[in-house]
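In the working numbering, the protein residues as written are 104 to 452.
Even glycine gets a Cβ: it sits at the ideal position worked out from N, Cα and C.
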Amino acid sequence: MREIGFWDYTCPGNGSLERYTHDDWEILLDDMAEGGFNSFVLCVKWLTTGYRSRLSWLDQDENCTAITSDNALIHQALQGARKRGLKTWLLVVCTQFEASAFDLQPCTHGWGPEDKTIAYYNLDCPGLAERIEELFQEVTELFGSESDGLIVEMEFCDKDTAYRVPIYNEWAKQNGRPDYATIKNITLEPRSYPFSDWRDFTTSRRIEMLHRIEKVVRQTGFQGQIATLAELMTDPMVVMGNHNLAMLKEALPDIALVTYDSRYDRRVQRLATMDFCIHAPREAGFEVCYLTRGVMTFDAVPWLEPTDLPTQWKMEIEDAITHRPDTLWFMGSDTRVDSPVCSPINLPK
């Protein structure tokens, strides 16, 4: 593996680094370097915002120390990681926003911190693409010179809404696919996967947005690597991926792919998820960055007995040794604030 390290958040509601101080950062960065890590992903925009922004439609929680420091702590983290020999990555989630600040019409409201209402958007939401461009322009202007890579996350951007129907139908006509009415009329059959046409359409929409983001960040002078996420979901005897990897690779040959199983439990479909997360993307020609559980204290699989972190970590290391992603990131390095993701209350348990 070329890179191994932590993937973590300054964003409120995650529970991890949102209350970190100057000294906290020095301790964490020293630990990473002394432990042999050489890579660090810092998320500054998740469901919530973890940096001081000039954009009026981004939430600004003054309990977040990165915000109250006017981004000084983020600069410290990125510069300090580089000084210790770590490759630095910025992570930006651009399809979910805190609803009270963001005034576009969402396609749905979804999971988020208990004290916040999170709105989810698909990529054809009127006005969203322009805001995504503004977001990436600001982030790379602020932090791009201190970062070696940029990760674009467009989670839950693939839902259908009424305004997407004519857009899909035009795409289907141009690509010889069935129209919306046909694909929506699904015959229920557990052995089939009747969503390939919609998946290919949404992959094409992601590709278009990634091209727009790439153009914007290059204009700011950012020359680092760009990656994007391909999400999986697992159920008993089912593994589903939301990208057409061949389409993505053909359209963006230089992009790296971050993969993960959104249940984050290595007991679930262990071999199949390694195929989807590592082997299939590699066969498609991608550099594969695999994201697994670090200090994440939620147990997301209701049909299995509760797990523990040492059990998960043991399986994660075994899988990394066996299947060899190009990069291995552990999501969550520390926790200070109680949260569904990282909880100092649940961690000792």
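Query: Would DSSP call F456 helix, strand or coil?; Result: Residue 456 falls outside the range modelled here, since the chain spans only 104 to 452, and no answer is possible.
Query: With L313 and V255 assumed to form a contact (beta carbons below 8 angstroms), what rounded beta-carbon distance in angstroms separates them?; Result: 6 angstroms
Query: Spell out the partners DSSP gives V342 in its beta bridges.; Result: T337
Query: For the beta strand (DSSP E) containing H212, list its first residue and its last residue.; Result: T211 to G213
Query: Taking 8 angstroms as the cut-off, does the region 179-186 touch the region 215-235 (at least 3 CB pairs, one atom from each stretch)?; Result: no
Query: Is K262 helix, strand or coil when you go by DSSP?; Result: coil
Query: Is M104 helix, strand or coil when you go by DSSP?; Result: coil
Query: Does the region 238-251 come within contact of the region 191-201, defined as at least 3 CB pairs closer than 8 angstroms?; Result: yes
Query: Taking the alpha-carbon positions, what's the L348 to R267 distance?; Result: 22 angstroms
Query: With 16 as the cutoff for other CB atoms within 10 Å, does K148 come out buried or exposed?; Result: buried
Query: State the Cα-Cα distance for the pair S203 and I221, rounded to the nearest angstrom.; Result: 9 angstroms
Query: How is L242 classed by DSSP in three states: helix, strand or coil?; Result: Note on identity: in this sequence residue 242 is Val, with Leu being the wrong assignment. V242: helix per DSSP, three-state reduction.
Query: From the DSSP secondary-structure annotation, give me the bridge partner or partners of E201.; Result: I221
Query: Curious, which full-length alpha helix (DSSP H) runs of at least 4 residues does the region 364-419 contain?; Result: 373-377 and 383-386
Query: At the level of alpha carbons, what is the spacing between F304 and T264?; Result: 13 angstroms
Query: How many angstroms separate the CA atom of V406 from the CA atom of R370?; Result: The sequence given here has Trp at residue 406, not Val. So the two alpha carbons sit approximately 11 angstroms from each other.
Query: I think F259 touches Q199, with their Cβ atoms under 8 angstroms apart; what is that distance to the nearest whole Å?; Result: 7 angstroms
Query: Just to confirm the assignment, what range does the beta strand (DSSP E) spanning T113 have?; Result: Looking at the DSSP string, T113 is not in any beta strand (DSSP E), and its letter there is neither H nor E.
Query: Quickly, what does DSSP pair L193 with across the bridge? List them, please.; Result: L145 and L253
Query: Locate the beta strand (DSSP E) running through L450, then write down its first and last residues.; Result: Segment: none, L450 is in no beta strand (DSSP E) and carries neither H nor E.
Query: What residues in its chain sit with their C-beta under 6 angstroms from that of F389, if we drop five residues either side in the sequence?; Result: L360
Query: Are the beta-carbon atoms of Y223 and G213 separated by less than 8 angstroms?; Result: yes
Query: Using the three-state DSSP reduction, which class does I289 fall into: helix, strand or coil?; Result: coil
Query: Please state whether DSSP places T171 in a helix, a strand or coil.; Result: helix
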